[in-house]
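Trainee: For reference, the structure I am asking about is given below.
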Amino acid sequence: MAESINIELVTPSEMLFTDTADMVVVPGSEGVFGVLPRHAATLANLQRGEINVYNSGSITRRFFIDGGVADVLPERVIILAERAVDLDSVSIQQLEERAVNATESEASFIAAVKKAI
Amino acid sequence: MANLKDLKTRINSVKSTQKITSAMKMVAAAKLRRAQEVAEAGRPYSSRMQQVISGLAANANKSNAPELLVGREDVKTHLLIVVSADKGLCGGFNGSIARQTRQEINRLENEGKSVLVYMVGKKAADNLGREILNKTFERIENLQGSNVDYNKVKGVSEKILLGFADNQFDQVSIIYNQFVNAITQNVVVAPLIPANVVGEQENESLVVYDYEPEQNELLELLLPRNITTQIFSALLESSAAELAARMTAMDNATRNAGDMIDSLTLVYNRTRQANITKELIEIISGAEAL
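Protein sequence lines, in the order shown, are assigned to chains A and B.
Residues in the first sequence are numbered consecutively from 137, following the working numbering.
Residues in the second sequence are numbered consecutively from 11, following the working numbering.
Structure, rendered in structure tokens:
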């Protein structure tokens, strides 16, 4: 059976996601890249985009981040994101509530999240 | 000896104080649980950020590393970020922050640096009063508890970065109360600029990382974020610590009020009895005289 990789998605206010998976695809600032087990140690800046967690060939979890950094080691990847949203559980309504008194940068993030859903 | 009515009034006033303090204690306890959860939920991010920065710094080329990491050679001015509470009635919480700030100011001035302070929260500023009159870089209030918001903190750190870039100061550190548990808070002085690089575990720094983009570029991106993160987590810790301090202080106050009520009641009863005895003697001696 294939190996799996530990994933942690951390925001300043909470640990959003931590689990093992077959692969995770992250939006690097120099291009989207996938992280499989035994990936070379990498420290990558991330831009706004989707994080997809793959298990047995299909996407099982989707997140949207507003940039951050990924710390990749062969057995684990830590994603630090200032803003992150779980695309599977968030609703348009929640986003609109958040957008009410949001700053400019947060509003543009929320708009991007809406598109991604 | 105080008369009975005065004693009764005092007992009642202490009783109502006790009601207030015990209510405050319960409010603080309820809020503390929430604040503690928030502070603990924030720890992974800041500790991992620290880890990433330390790893990067260990491998960085020191000669052209960003100033935020290695600091300036010639340090003229030091900025102290002082985190205290907006409200009092929390025991030694604000006092110990003020004391530590005073010590730091003295220490830095003895080293020949001038000091600026960034006051978060009202109380330490009130406490330090004139001592910081000409040193205040900025004052900010209402950044506590549920008002601690990452975006707001970002505004604070951007102002600090601008000030740094503008050569208004060359070093920054932050003083705050760290939440240990409900009865212990530690006053911590942590450096922000230059970045606090902990000696990374050797096995970790041996890993050869690929960097995307280049190391120094990455450092330039991450160091400002790190400052925001450290301030953010300091504010969360401080909020939790404040509530814990208030809870303990109010618990003590409630207990002291209880003791006071007991002793006042004792005096009250004795006085009452003495009065009765006195009246009886008067009646008896009056009757004997007849």
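Cβ atoms here follow ideal geometry from the backbone N, Cα and C, with glycine treated the same way.
Say whether the stretch 143–159 of chain B touches the stretch 244–257 of chain B, bearing in mind that this needs 3 or more beta-carbon pairs closer than 8 Å, one atom from each stretch.
Mentor: Between the stretch 143–159 of chain B and the stretch 244–257 of chain B there are three or more inter-stretch CB-CB distances shorter than 8 Å, so the stretches are counted as touching.
Trainee: Ordered along the chain, which non-local residues of its own chain (more than five positions away) have a Cβ less than 7 Å from that of residue 176/B?
Mentor: If we look at residue 176/B and ignore the five residues flanking it on each side, it has no Cβ neighbours.
Trainee: Beta-carbon of residue 164/A versus every beta-carbon of chain B: anything under 8 Å?
Mentor: yes
Trainee: Using the three-state DSSP reduction, which class does residue 213/B fall into: helix, strand or coil?
Mentor: Below a pLDDT of 50, predicted positions are generally treated as unreliable, and residue 213/B, at 47, falls in that range; the measurement from the model is reported next regardless. In the structure shown, residue 213/B sits in a helix (DSSP, three-state: H, G or I).
Trainee: Short check: CB of residue 75/B to CB of residue 229/B, under 8 Å?
Mentor: yes
Trainee: For residue 212/B and chain A, any beta-carbon pair shorter than 8 Å?
Mentor: Any reading at residue 212/B must be qualified, since the residue scores a pLDDT of 48, below 50, and its modelled position is unreliable; the value itself is stated next. False, the Cβ-Cβ gap to chain A never drops below 8 Å.
Trainee: Step through the CB atoms of chain B and report whether any lies within less than 8 Å of the CB of residue 207/A.
Mentor: Chain B contact via Cβ: present.
Trainee: Please say whether residue 259/B and residue 101/B have beta carbons closer to each other than 8 Å?
Mentor: The criterion of a C-beta distance shorter than 8 Å is satisfied by residue 101/B and residue 259/B.
Trainee: Which residues in chain B sit within 9 Å of residue 145/A, going by Cβ to Cβ distance?
Mentor: Within chain B, no residue comes near residue 145/A; the closest Cβ sits about 10 Å away, beyond 9 Å.
Trainee: Measuring straight from C-alpha to C-alpha, what distance separates residue 79/B and residue 233/B?
Mentor: 7 Å
Trainee: I'd like the list of long-range same chain contacts for residue 55/B, defined as Cβ closer than 8 Å, with 5 residues on each side in sequence excluded.
Mentor: Only 239 and 243 meet the Cβ criterion.
Trainee: Using the DSSP secondary-structure output, state which residues sit across from residue 209/A in a beta bridge.
Mentor: 212/A
Trainee: Let me check understanding here. Comparing Cα to Cα, which of 244/A, 176/A and 180/A lies closest to residue 225/B?
Mentor: Nearest of 244/A, 176/A and 180/A to residue 225/B, Cα basis: 180/A.
Trainee: Pop quiz: residue 222/A and residue 213/A are said to be a contact at Cβ under 8 Å. What is the actual Cβ separation, rounded to whole angstroms?
Mentor: A Cβ-Cβ separation of about 17 Å leaves residue 222/A out of contact with residue 213/A under the 8 Å criterion.
Trainee: If you draw a straight line from the alpha carbon of residue 148/A to that of residue 27/B, how long is it in whole angstroms?
Mentor: 40 Å
Trainee: Give the single residue among 282/B, 136/B, 300/B and 294/B whose Cα lies nearest to the Cα of residue 15/B.
Mentor: When only C-alpha atoms are compared, the closest one is 282/B.
Trainee: By alpha-carbon positions, which one of 62/B, 97/B and 125/B ends up nearest to residue 217/B?
Mentor: 62/B
Trainee: Which residue marks the beginning of the beta strand (DSSP E) containing residue 191/A, and which one marks its end?
Mentor: 178–191
Trainee: Among 198/A, 178/A, 176/A and 190/A, whose alpha-carbon lies nearest the alpha-carbon of residue 152/A?
Mentor: Checked all of 198/A, 178/A, 176/A and 190/A; the closest Cα to residue 152/A is 198/A.
Trainee: Classify residue 54/B as helix, strand or coil using the three-state DSSP reduction.
Mentor: helix
Trainee: Going by other Cβ atoms of all chains shown within 10 Å of its Cβ, with 16 needed for buried, is residue 143/B buried or exposed?
Mentor: exposed
Trainee: Starting from residue 77/B, trace the alpha helix (DSSP H) in both directions and tell me its first and last residue.
Mentor: Per DSSP, the unbroken alpha helix (DSSP H) holding residue 77/B starts and ends at 77–80.
Trainee: I believe residue 195/A touches residue 182/A by the beta-carbon criterion, under 8 Å. Please report the beta-carbon distance rounded to the nearest angstrom.
Mentor: Not confirmed; about 18 Å, so no contact.
Trainee: Assuming residue 59/B contacts residue 236/B (C-beta within less than 8 Å), just tell me the rounded distance between them.
Mentor: At roughly 5 Å, the Cβ-Cβ gap stays under 8 Å, so residue 59/B and residue 236/B are in contact.
Trainee: Helix, strand or coil for residue 219/B, going by three-state DSSP, please let me know.
Mentor: coil
Trainee: Assuming contact is defined by CB atoms lying nearer than 8 Å, are residue 274/B and residue 21/B in contact in what I supplied?
Mentor: Between residue 274/B and residue 21/B, the gap from beta carbon to beta carbon is short of 8 Å.
Trainee: Closer than 7 Å, Cβ to Cβ, to anything on chain A: give me those residues from the stretch 54–88 of chain B, in chain order.
Mentor: 54, 55, 58, 59, 62 and 66
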